[in-house]
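Everything in the sequence shown is counted per the numbering used here, starting at 33 for the first residue and increasing by one.
Beta carbons are placed, not taken as given, at the ideal position from N, Cα and C, and that holds for glycine.
So the structure is just underneath, and the comments pick up after that.
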Amino acid sequence: MNQCVKLVRGLYHVILLTIWLSGSLFGQLSEEIDTIVISGSQIPLKISETGRNVTVIQADAIARMPAVSIDEILQLVPGVEVQSRNGFGAQADILMRGSTFAQVLVLVDGMRLNDPLTAHMNANIPVVNSDIERIEVLRGPAAAMYGPDAVGGLINIVTKTFDSRGPDGFHGNAELGLGSNEQRTAKAALTYRGDHVMGSLGVQINKAAGELIPSVLTPTSELEPYRNYFDIRTIGGSVAFKLGNGMRLKVRSSYDFRDFSARYFYTASTFDKS
33 MNQCVKLVRG LYHVILLTIW LSGSLFGQLS EEIDTIVISG SQIPLKISET GRNVTVIQAD
93 AIARMPAVSI DEILQLVPGV EVQSRNGFGA QADILMRGST FAQVLVLVDG MRLNDPLTAH
153 MNANIPVVNS DIERIEVLRG PAAAMYGPDA VGGLINIVTK TFDSRGPDGF HGNAELGLGS
213 NEQRTAKAAL TYRGDHVMGS LGVQINKAAG ELIPSVLTPT SELEPYRNYF DIRTIGGSVA
273 FKLGNGMRLK VRSSYDFRDF SARYFYTAST FDKS
């Protein structure tokens, strides 16, 4: 009888020990830990590390291009389709990888430039060519980071003041040009980079009376002759101050004026007097 009591007590102790150990084990398995959030962010990376199809056009390459406007520069980039109406940057739509022009995001120094009402104005970029440090073109979807208007890709234009590199002191350049149909082109830029202050100022003018387009006979009417004139003026400036502790204050302001003949851009109606 005593042996049976001892055996029952022994089994009771074994069961209690097993329950205690299992409770400790499950308690460790169900222990709560801090939530880990993984998200995409705009972390500076080398192009080879991004896994994206990226093209970077540097300032020296832009200076060698026979281009007088930004949309003419982008016409030379593979994978970018620029639908121009009239020349010299009058008006153009930018498409990438089968997307519409409303699905290509345009940034200036990282700031969104897309027009909220119509993407037809996305190529009206108020930056002169000589004030561009580089143009970054990202092909393919970038909507995860920049939003639904970057499905086809994005174009980021970085100006000289907003770039951390570059030689110190004053630097400037200017060009003048004359052409047929009273064409006049002019552009000039001045930049300064010091220890605590950086700044740039750029001016660009493209103007012409336009080519005389003769009358055209259509099945329904005769389109009267007209001139495809344009008058495009851009003035932009920026300044940056070093505030200490790695902080900087950067400001950019621009004026962009575009007057051009848009007659028969979209229709062949005799009422189209744009």
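Task: For Gly268 and Arg284, believed in contact at Cβ under 8 Å, the rounded distance - done: Indexing the sequence shown from 1 puts residue 284 at position 252. Indexing the sequence shown from 1 puts residue 268 at position 236. 7 Å between Cβ atoms; contact.
Open item on the list: Using a Cβ distance threshold of 8 Å, determine whether the stretch 240-248 contacts the stretch 88-105, with at least three qualifying pairs required.
Closed with: no
- [ ] Using three-state DSSP, classify His228 as helix, strand or coil.
- [x] Reading the sequence shown from its first residue, position 196 is the one you call residue 228. In the structure shown, His228 sits in coil (DSSP, three-state: anything other than H, G, I, E or B).
Task: Same chain, Cβ closer than 7 Å to Tyr16, neighbours up to 5 away in sequence not counted - done: One cannot answer for residue 16 here, as it falls past the ends of the chain, which runs 33 to 306.
- [ ] Below 6 Å CB to CB, which residues in the same chain sit around Asp291 once its five sequence neighbours on both sides are set aside?
- [x] As a working note, residue 291 is residue 259 in the sequence shown. Result list for Asp291: Asp263, in chain order.
Open item on the list: Buried or exposed for Glu165, going by 16 or more other Cβ atoms inside 10 Å?
Closed with: The count along the sequence shown starts at 1 and reaches residue 165 at position 133. Buried: at least 16 other Cβ atoms inside 10 Å.
Task: Close Cβ partners of Pro199 (< 8 Å) along its chain, the five nearest in sequence each way excluded - done: Position 167 of the sequence shown, counted from the start, is the residue given in the question as residue 199. Same-chain partners within the cutoff: Arg225.
Open item on the list: Counting C-beta neighbours from all protein chains within 10 Å, is the total for Val88 16 or more, i.e. buried, or is it exposed?
Closed with: Residue 88 sits at position 56 when you count from the first residue of the sequence shown. Exposed.
Task: Burial state of Val229 (16 or more Cβ within 10 Å) - done: Residue 229 sits at position 197 when you count from the first residue of the sequence shown. It is exposed - the Cβ of Val229 has fewer than 16 other Cβ atoms within 10 Å.
Task: Nearest residue (CA-CA) to Ala124, options Ile105, Ile245 and Ser196 - done: Here the question's residue 124 lines up with position 92 in the sequence shown. Here the closest residue by C-alpha is Ile105.
TODO: Please decide whether Thr193 counts as near chain D, where near means a Cβ-Cβ distance under 8 Å.
DONE: Of the chains in the structure shown, none is chain D; there is only one protein chain.
TODO: Give the single residue among Ile102, Ala91, Asp103 and Pro110 whose Cα lies nearest to the Cα of Asn85.
DONE: Stepping through the sequence shown from its first residue, residue 85 is reached at position 53. Nearest C-alpha to Asn85: Pro110.
Open item on the list: Using only CA atoms, which one of Ile189, Lys192, Arg171 and Val190 lies nearest to Ala182?
Closed with: The sequence position of residue 182 within the sequence shown is 150, counting from 1. The candidate whose alpha carbon is nearest that of Ala182 is Arg171.
Open item on the list: If distances are taken between C-alpha atoms only, which option among Leu208, Leu139, Asp141 and Val114 comes closest to Thr132?
Closed with: Residue mapping note: residue 132 aligns to position 100 of the sequence shown, counting from 1. For Thr132, the nearest C-alpha among the options comes from Val114.
Open item on the list: Quick check on DSSP: helix, strand or coil for Asp125?
Closed with: Position 93 of the sequence shown, counted from the start, is the residue given in the question as residue 125. It is a strand residue.
TODO: Pick out whichever of Leu222, Val112, Val159 and Tyr178 has its Cα sitting closest to the Cα of Ser101.
DONE: On the sequence shown, position 69 is the one that residue 101 refers to. Per the Cα distances, Val159.
Open item on the list: So, with DSSP's three-state summary, where would you put Tyr287?
Closed with: One-based indexing of the sequence shown puts residue 287 at position 255. Reduced to three states, the DSSP call for Tyr287 is strand.
Open item on the list: Buried or exposed for Leu320, going by 16 or more other Cβ atoms inside 10 Å?
Closed with: This structure gives no information on residue 320, because the portion of the chain shown stretches from 33 to 306.
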